[in-house]
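K.L.:
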Amino acid sequence: MSIGKQEGQDLELKQDNIGEDFIPSSATLEQTKDKVHAKTNIHALPVRAYLDQTVVPILLQGLACVVRERPEDPIQYLASYLLRHNPNKKEIEEENDEKEYGRDDEL
2 MSIGKQEGQD LELKQDNIGE DFIPSSATLE QTKDKVHAKT NIHALPVRAY LDQTVVPILL
62 QGLACVVRER PEDPIQYLAS YLLRHNPNKK EIEEENDEKE YGRDDEL
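Per this note's numbering, the sequence shown runs over residues 2 to 108.
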């Protein structure tokens, strides 16, 4: 099953032209990122991939701060850092606000 020379060249030309006129806006990029994130089933990921996507980036930043600051209680420092810099903090706060709002409706 070989592709003829002309067909191969046509395929290359088509691939070269893909997206030439398309310049995504920041909104488009954000929507794409959200869609990809939503479709990623974190429960199906291998352990290493799950940790690399969710924990490792913020953990490395926190550990770098521990090394730089050298606090007396590095565990407490790291825990505080992780809580302060939690990338999901906004989502968690929104969920808590929704729960509180729901309780107010019941009164």
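All residues carry an ideal CB built from backbone N, CA and C; glycine is no exception.
Return the CA-CA distance between residue 90 and residue 83, expressed in angstroms with no decimal places.
P.N.:
10 Å
K.L.:
Identify, in the order they occur along the chain, each residue of the same chain with its Cβ nearer than 7 Å to the Cβ of residue 72, setting aside the five sequence neighbours on each side.
P.N.:
78
K.L.:
Quick one: grab the DSSP three-state call for residue 49.
P.N.:
helix
K.L.:
Report the three-state DSSP secondary structure of residue 70 (helix, strand or coil).
P.N.:
Residue state for residue 70 is assigned as helix, using DSSP reduced to three classes.
K.L.:
Tell me whether the beta-carbon of residue 43 lies closer than 7 Å to the beta-carbon of residue 86.
P.N.:
no
K.L.:
Kindly list the residues whose CB is nearer than 8 Å to the CB of residue 67, restricted to its own chain and excluding five residues on each side of it in sequence; keep chain order.
P.N.:
Excluding residues within five positions, the ones whose Cβ falls inside 8 Å are 75, 78, 79, 82.
K.L.:
Using DSSP with H/G/I as helix, E/B as strand and the rest coil, what is residue 43?
P.N.:
coil
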